[in-house]
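Residue numbers (the numbering used here): 183 to 291.
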């Protein structure tokens with residue numbers, strides 16, 4: 183028991199500093215983009231995902247899919263189409279945001 187406590191106290195400072203290891207948010211890379219650049223990023227993400235009628239037609243792997251969807255959600259959020267948490271999943275909220283974007287895409291350009 184004593185060894186366990188010593189172990190915990192020895193590594194507690196290391197465990198508390200784990201927040202510094204988080205990656206920077208995706209939005210920080212996309213904040214400076216213009217509307218036309220955001221539209222281009224959204225269109226390329228939808229193309230890479232092969233999005234059609236609320237479904238994704240390609241398998242990019244778990245990590246690739248989540249990263250692509252998080253980037254897409256971030257761009258949609260900056261254009262005020264998406265207001266949910268960027269979880270990187272294709273949920274109903276994301277599909278609704280994509281459909282609203284596609285319906286109004288021409289007015290953005």
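Each residue gets a CB set at the ideal place from its N, CA and C atoms; glycine is no exception.
- Taking the C-beta atoms as reference points, residue 238 is found nearer than 8 Å to residue 272.
- Between residue 244 and residue 256, the C-beta spacing is not below 8 Å.
- Distances from the CA of residue 262 to each of 247, 274, 279 were compared; the closest alpha carbon is that of 279.
- The bridge partners DSSP lists for residue 238 are 233.
- For residue 289, the secondary structure class from DSSP, reduced to helix, strand or coil, is helix.
- Per DSSP, reduced to three states, the secondary structure at residue 251 is helical.
- The beta carbons of residue 290 and residue 221 sit about 5 Å from each other, so the pair counts as a contact at 8 Å.
- Straight through space, the alpha carbons of residue 236 and residue 277 are spaced by roughly 6 Å.
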